[in-house]
Amino acid sequence: QVQLVESGGGLVQFGGSLRLSCAASGNIFAIYTMAWYRQAPGKERQMVACVTNVGYTDYADSVKGRFTISTDNSGKTVYLQMNDLRFEDTAVYYCYRVQSGGVYWGQGTQVTVSS
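Okay, here's the thing in structure tokens:
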């Protein structure tokens, strides 16, 4: 089993920045993909950004150039640096990890962009 704990969400003004963190613990494997998803009220959950153990990254078109995903050297913590936040970025952000043995989700952290 793997546990994912997110932190760093909150209320931020339009155009501001936030950094989300997600720490993985438990039965961690070296080969993985970690990602951030988000879900706004009334909308489907969508992938925001992902990173693999070899450093490949991908982003949703809506966040390219504004968000950056990264991991620490251990591969157990993933970050999402969010800059130039917009109203449409308001959502619950979920951490995701897939590795041999399963797919895991965090509990979610709320990000709200205000005027």
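Take the sequence shown: its letters are residues 2 to 116, numbered as in the numbering used here.
All residues carry an ideal CB built from backbone N, CA and C; glycine is no exception.
Legend entry - Contacts around Thr110, its chain only, beta-carbon distance under 6 Å, and the 5 residues preceding and following it disregarded: For the purposes of this step, residue 110 is taken as the residue at position 109 of the sequence shown. So the qualifying residues of the chain are Glu7, Gly10, Tyr94.
Legend entry - Paired residues, beta bridge with Thr7 - DSSP: Here the question's residue 7 lines up with position 6 in the sequence shown. Note that residue 7 is Glu in the sequence shown, not Thr. In the DSSP output, where bridge partners are listed per residue, Glu7 has Cys23.
Inset, instruction - For the beta strand (DSSP E) containing Phe68, list its first residue and its last residue. - result: The residue given as residue 68 occupies position 67 in the sequence shown. 68-72 is the span of the beta strand (DSSP E), which, as asked, contains Phe68.
Legend entry - Reduced DSSP secondary structure (H/G/I, E/B, other) of Val52: Taking the first residue of the sequence shown as position 1, residue 52 is located at position 51. Here Val52 carries a strand assignment [DSSP, helix/strand/coil].
Legend entry - For Arg20 and Lys78, the rounded distance between their alpha carbons: Counted from its first residue, the sequence shown places residue 78 at position 77. Counted from its first residue, the sequence shown places residue 20 at position 19. The residue you asked about is not Lys; residue 78 is Thr in the sequence shown. Spanning the two alpha carbons is a distance of roughly 13 Å.
Inset, instruction - Output yes or no for whether 9 Å exceeds the beta carbon distance between Ala50 and Ala36. - result: Along the sequence shown, read from residue 1 onward, the residue named residue 50 stands at position 49. Along the sequence shown, read from residue 1 onward, the residue named residue 36 stands at position 35. Yes, the Cβ-Cβ distance between Ala50 and Ala36 is below 9 Å.
Inset, instruction - Return the chain-ordered list of same chain residues with a C-beta closer than 7 Å to the C-beta of Asp85, the five sequence neighbours on each side being excluded. - result: The sequence position of residue 85 within the sequence shown is 84, counting from 1. So the qualifying residues of the chain are Gly16, Arg67.
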